[in-house]
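So the protein lines, in turn, are chains A and B. Position in the first sequence (from 1) plus 1 gives the number in the working numbering. Position in the second sequence (from 1) plus 53 gives the number in the working numbering. Cβ atoms here follow ideal geometry from the backbone N, Cα and C, with glycine treated the same way.
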Amino acid sequence: MRTKLFMIAGIALLAATVPALAHHAFTAEFDANQPIKLRGTVARIELINPHSWFHIDVKEPDGKMTRWMVEGGTPNTLLRRGFTKSSLPLGTEILVDGYRSKDGSNRVNGRDITYPDGKKLFLGGSSADAPK
Amino acid sequence: MSHRFCLSACALVLLIPLAVFAQTAKPWTPPHMPDGQPDLQGVWTTATLTSLERPAEFAGKEFFTEKEAADYEKRLLEQGNRDRRTGSAEADVAGAYNEFWFERGSKIVGSRRTSLIIDPPDGKIPALTPEAQKRQAARAEYRRLHPADGPADLSLNNRCILWPTAGPPMLPGGYNNNYQIVQSPGYVVILVEMIHDARIIPLDGRPHVPQNVRLLMGDSRGHWEGNTLVVETTNFTDKTAFRGSGPNLHLIERFTRTSPDTIVYEFTANDESSFTRPWTAQIPMKKTPDPLFEYACHEGNYGMEGILKGARAEEKKASGGK
Numbered sequence: 002m003r004t005k006l007f008m009i010a011g012i013a014l015l016a017a018t019v020p021a022l023a024h025h026a027f028t029a030e031f032d033a034n035q036p037i038k039l040r041g042t043v044a045r046i047e048l049i050n051p052h053s054w055f056h057i058d059v060k061e062p063d064g065k066m067t068r069w070m071v072e073g074g075t076p077n078t079l080l081r082r083g084f085t086k087s088s089l090p091l092g093t094e095i096l097v098d099g100y101r102s103k104d105g106s107n108r109v110n111g112r113d114i115t116y117p118d119g120k121k122l123f124l125g126g127s128s129a130d131a132p133k
Numbered sequence: 054m055s056h057r058f059c060l061s062a063c064a065l066v067l068l069i070p071l072a073v074f075a076q077t078a079k080p081w082t083p084p085h086m087p088d089g090q091p092d093l094q095g096v097w098t099t100a101t102l103t104s105l106e107r108p109a110e111f112a113g114k115e116f117f118t119e120k121e122a123a124d125y126e127k128r129l130l131e132q133g134n135r136d137r138r139t140g141s142a143e144a145d146v147a148g149a150y151n152e153f154w155f156e157r158g159s160k161i162v163g164s165r166r167t168s169l170i171i172d173p174p175d176g177k178i179p180a181l182t183p184e185a186q187k188r189q190a191a192r193a194e195y196r197r198l199h200p201a202d203g204p205a206d207l208s209l210n211n212r213c214i215l216w217p218t219a220g221p222p223m224l225p226g227g228y229n230n231n232y233q234i235v236q237s238p239g240y241v242v243i244l245v246e247m248i249h250d251a252r253i254i255p256l257d258g259r260p261h262v263p264q265n266v267r268l269l270m271g272d273s274r275g276h277w278e279g280n281t282l283v284v285e286t287t288n289f290t291d292k293t294a295f296r297g298s299g300p301n302l303h304l305i306e307r308f309t310r311t312s313p314d315t316i317v318y319e320f321t322a323n324d325e326s327s328f329t330r331p332w333t334a335q336i337p338m339k340k341t342p343d344p345l346f347e348y349a350c351h352e353g354n355y356g357m358e359g360i361l362k363g364a365r366a367e368e369k370k371a372s373g374g375k
């Protein structure tokens, strides 16, 4: 199992508008200038509202293990797609590509969460639509 | 297993006939409750790609053709897909996380309208009155100066108090667009998944609470007009602002079950002190076999701490680390 922690310098590109549909303004909590890639193993899962949290153990370059908290979305959508805590066993290795919290704590938003082979962690189609 | 579930759910969606709305013209009698009320019970979803207001590019166009609708749906799904990361870092952060967390639907409404607003005919929220504009500007200025001095400066949804689409009026959003309607003699209750509220609507003709009692979700009273449930809501506060509305908002909602799987939900926003004319939107609600899940927002709201700490970190940075 290879675990690495990559820190990448942030580059602000052209501004674009993305509608804020999530529970809170992510830009207030996470720093666009601190993109971060983590590779670690799932140590704890909190399927709670308003946001799920995945706690992962990451081995830093000096060999020290560090616990990170990764924010996801509402668990309600996952439950509707048949995802439960047992769908992601503890110890599973995952990759997280996100942004670190502004206060410098070990929290990131899980902008993209994938398995090491690049597969998405959760497969999900769209839910039921309003009637045609 | 989740994938198999999705496949069957998606297939079901595809099989839904394209003309449920057209069927509404046919006489269809909804089932009734033992007390005689038309039966609206069940879990319903309002997920749709159709926006509340008509996008500028469709000015003057009230309906899509079938082909235009299909093309528009495809474009929206591509544009809105959060797995795309082609914007700025700021846009990336605002995008929050992968697409799998969202349930915004994959179709526009069956009427093929270009907006949920059906009146005024331009599909736009009417201009705000000078009073409402002034109120909005004052709010924006306060938010600019005090984005997160303390918890009370954060929005009602950040504080897990009220979701802006929970209503009334109730609007589709990015996820958890689910409502459970429960009826008992003399009452209709609408349980809103985002973010936990239960709207308890008495049907016995009692008057609204006194004018000096103001409620975040207003004070609702319902009655039946034929098979349509009509809900009038008043007594709003100045802490909520639905698209510029104020405490004088008099909201009228109409729920009509037009088929076993469909409720046509309409609301009209009347607020002379805020809008230059009343306006009406129509949103189809589709019955879903899925249960409503709990949304215990406050107890897991780590975001509150994160936002306040983020604001303090920004202040420290701005003051040179002092």
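I'd like to know whether the C-beta of Tyr355 of chain B is nearer than 8 Å to at least one C-beta of chain A.
For Tyr355 of chain B, the answer is yes, since a Cβ of chain A falls inside 8 Å of its Cβ.
For a contact meaning CB atoms closer than 7 Å, what does Pro36 of chain A contact in chain B?
Within 7 Å Cβ-Cβ: Ala142.
Contact criterion: CB-CB distance below 8 Å. Does Gly363 of chain B meet it with respect to chain A?
Output row for Gly363 of chain B: interface = yes.
If we call anything under 8 Å between Cβ atoms a contact, is His56 of chain A one with Gly74 of chain A?
Result no, Cβ atoms of His56 of chain A and Gly74 of chain A do not sit closer than 8 Å.
Which residue from B:Val235, B:Trp154, B:Asn265, B:Met247 puts its Cα closest to that of Glu72 of chain A?
Cα-wise, what sits closest to Glu72 of chain A is B:Trp154.
Just reading off the alpha helix (DSSP H) that Asp172 of chain B is part of, what are its end residues?
Looking at the DSSP string, Asp172 of chain B is not in any alpha helix (DSSP H); the run it does join, the beta strand (DSSP E), is 170-172.
If we count the other Cβ atoms within 10 Å of its Cβ and call it buried at 16 or more, is Val266 of chain B buried or exposed?
Burial call: exposed.
Might you give, ordered along the chain, the residues of its own chain that have their beta carbon closer than 8 Å to the beta carbon of Pro204 of chain B, omitting 5 neighbours on each side?
Around Pro204 of chain B: Arg212, Met357, Leu361.
Quick one: any contact between the segment 312-320 of chain B and the segment 174-190 of chain B, if contact means 3 or more CB pairs under 8 Å?
Counting Cβ pairs under 8 Å, fewer than three are found: no touch.
Rounded to the nearest angstrom, how far is the Cβ of Gly297 of chain B from that of Ala219 of chain B, given a contact under 8 Å?
Contact flag wrong, Cβ pair sits at about 18 Å.
Can you check DSSP and say which residues form a bridge with Tyr195 of chain B?
Its beta-bridge partners do not exist; DSSP assigns none.
If you draw a straight line from the C-alpha of Ala75 of chain B to the C-alpha of Ser312 of chain B, how long is it?
With a pLDDT of 48 at Ala75 of chain B, under the threshold of 50, the modelled position of this residue cannot be trusted; read the value that follows with caution. When rounded, the distance between both Cα atoms is 11 Å.
Which residue from B:Val235, B:Glu126, B:Pro260, B:Glu143 puts its Cα closest to that of Lys160 of chain B?
When each option's Cα is compared against that of Lys160 of chain B, the closest is B:Glu126.
Give a yes or no on whether 8 Å exceeds the smallest Cβ distance from Tyr195 of chain B to chain A.
Cβ-Cβ to chain A under 8 Å: no for Tyr195 of chain B.
Under 9 Å Cβ-Cβ, which residues of chain B neighbour Ser102 of chain A?
What Ser102 of chain A touches in chain B: Gly359, Lys362, Gly363, Ala366.
Considering just the uninterrupted stretch of the beta strand (DSSP E) at Tyr125 of chain B, what are its terminal residues?
Taken as a continuous stretch (DSSP letters only), Tyr125 of chain B belongs to no beta strand (DSSP E), being part of the alpha helix (DSSP H) at 119-133.
Can you give the beta carbon distance from Ser395 of chain B to Pro221 of chain B, rounded, assuming they're within the 8 Å contact cut?
No statement about residue 395 of chain B is possible, as the shown extent of chain B runs from 54 to 375 and does not include it.
Just the Cα atoms here: how many angstroms apart are Gly98 of chain A and Asp136 of chain B?
The question names Gly, yet the displayed sequence has Asp at residue 98 of chain A. Looking at the two C-alpha atoms, the distance is approximately 12 Å.
At a Cβ threshold of 8 Å, is Ala201 of chain B touching chain A?
Yes, its Cβ sits closer than 8 Å to a Cβ of chain A.
Would you report the Cα separation of Gly353 of chain B and Ile46 of chain A, rounded to the nearest angstrom?
Rounded to the nearest angstrom, the two C-alpha atoms are 13 Å apart.
Could you check whether the segment 112-123 of chain B touches the segment 324-331 of chain B, counting it as contact only if at least three pairs of C-beta atoms, one from each stretch, sit closer than 8 Å?
No: the two stretches stay apart, fewer than three of their Cβ pairs being nearer than 8 Å.
Does the Cβ-Cβ distance between Lys103 of chain A and Gly374 of chain B come in under 8 Å?
Not a contact, by the Cβ cut-off of 8 Å.
So with CB distances below 9 Å, who are the chain B contacts of Arg108 of chain A?
Here the neighbours are Tyr355, Gly359.
List, in chain order, every chain A residue whose beta-carbon is nearer than 7 Å to that of Phe346 of chain B.
Here the neighbours are Asn77, Leu80.
For Thr28 of chain A, which of A:Tyr100, A:Thr115, A:Lys120 has the nearest alpha-carbon?
Comparing Cα positions, the closest option is A:Tyr100.
Chain B beta carbons: is any one of them nearer than 8 Å to that of Asn117 of chain A?
Note that residue 117 of chain A is Pro in the sequence shown here, rather than Asn. No, its Cβ sits nowhere closer than 8 Å to a Cβ of chain B.
Specify the secondary structure class of Ala371 of chain B as computed by DSSP and reduced to three states.
Helix.
May I ask which residues mark the beginning and end of the alpha helix (DSSP H) holding Val262 of chain B?
Unbroken run through Val262 of chain B: none, as it is neither H nor E.
For chain A, is any of its Cβ atoms less than 8 Å away from the one on Tyr232 of chain B?
No, Tyr232 of chain B lies away from the interface with chain A (no Cβ there is under 8 Å from its Cβ).
Could you check the C-alpha separation between Pro80 of chain B and Gln35 of chain A for me, to the nearest Å?
When rounded, the distance between both Cα atoms is 60 Å.
For Phe117 of chain B, decide whether its Cβ has a neighbour in chain A, counting only Cβ atoms nearer than 8 Å.
No, no contact with chain A.
What's the gap between the Cα of Ala349 of chain B and the Cα of Glu246 of chain B?
Whole-angstrom Cα-Cα distance: 10 Å.
With burial defined as no fewer than 16 other Cβ atoms inside 10 Å of the residue's Cβ, what is the status of Met8 of chain A: buried or exposed?
Confidence in Met8 of chain A is poor, its pLDDT being 34 and thus under 50, which makes the residue's placement too unreliable to answer from.
Let me know the secondary structure DSSP gives Glu143 of chain B once reduced to three states.
Reduced to three states, the DSSP call for Glu143 of chain B is helix.
Tell me whether the beta-carbon of Val241 of chain B lies closer than 8 Å to the beta-carbon of Ile234 of chain B.
It is a contact, given that the beta carbons lie within the stated cut-off.
Any beta-carbon of chain A closer than 8 Å to the one on Trp81 of chain B?
Not an interface residue.
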